[in-house]
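Following the UniProt record's numbering, the numbering of the sequence shown begins with 1 at its first residue and continues without gaps.
Glycine residues also receive a C-beta, built at the ideal position from the N, C-alpha and C atoms.
Here is the structure we will look at.
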Amino acid sequence: MKIYTKTGDKGTTALFGGTRVPKDHIRIDSYGTVDELNSYIGLIRDQEINAHYKNILIEIQDRLFTVGAILATPVEKEVLKNGELRLKNLGIVPTDIELLENEIDAMEDTLPQMTHFVLPGGHQTVSYCHIARCVCRRAERLAVHLSHNETVPEIAIQYLNRLSDYLFVLARKLSSDLKAEEVKWIPRK
Numbered sequence: 001m002k003i004y005t006k007t008g009d010k011g012t013t014a015l016f017g018g019t020r021v022p023k024d025h026i027r028i029d030s031y032g033t034v035d036e037l038n039s040y041i042g043l044i045r046d047q048e049i050n051a052h053y054k055n056i057l058i059e060i061q062d063r064l065f066t067v068g069a070i071l072a073t074p075v076e077k078e079v080l081k082n083g084e085l086r087l088k089n090l091g092i093v094p095t096d097i098e099l100l101e102n103e104i105d106a107m108e109d110t111l112p113q114m115t116h117f118v119l120p121g122g123h124q125t126v127s128y129c130h131i132a133r134c135v136c137r138r139a140e141r142l143a144v145h146l147s148h149n150e151t152v153p154e155i156a157i158q159y160l161n162r163l164s165d166y167l168f169v170l171a172r173k174l175s176s177d178l179k180a181e182e183v184k185w186i187p188r189k
């Protein structure tokens, strides 16, 4: 199979099920941003961090492929002609969100309570977490925007929301683990 098909040369692409849409369609922007997020998560995973975090990040990357598939499938194409679900055995389930919440809680139990905003940075790995968090928030906003006009499972949006929280807490935890300098945000008076 060749990597290039030339079918997108005129600015359209196919969704799951074959429907062609412009490459700047909100659905494409939405799952494309999830793909971008997945790449940043891979960058975090490639850093010198605890193996537990790496394993959780692999699980997250797997779930993001699922979120991308969900966002790439118009509701009218969810069921195949034979009656089977197109995304059979794929989905985001409550335990996926619970995993993120449990990880957040476990990391927060080891961190001092937040008393101030911190500027992103202090260590390259921490900065990657903050970039991923921002991309995750953009993916969430795009999925919400898409949901105004098309069906998007609420749980996919919830997953992105919780994932951005996880990435924020992971940045704080890695700051602590790596003994990175946290710079407080000091508003002007």
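Taking all protein chains in view, the Cβ of ASN38 is crowded by 16 or more other Cβ atoms within 10 Å, so the residue is classified as buried. THR12 sits in a strand when the DSSP states are folded into three classes. Distance check between VAL183 and each of VAL126, GLU154 and GLN158 places VAL126 closest, using alpha-carbon atoms only.
The DSSP-derived three-state label of ARG133 is helix.
As for any beta strand (DSSP E) of minimum length 3 sitting wholly inside the stretch 107-172, there is none.
Note: VAL183 is bridge-paired with LEU119 in the DSSP secondary-structure output. Sequence-distant Cβ neighbours of GLY121 in its own chain, meaning closer than 6 Å and more than five residues away, are SER127. Around the beta carbon of LYS6, a 10 Å sphere encloses fewer than 16 other beta carbons of the protein chains shown; the residue is thus reported as exposed.
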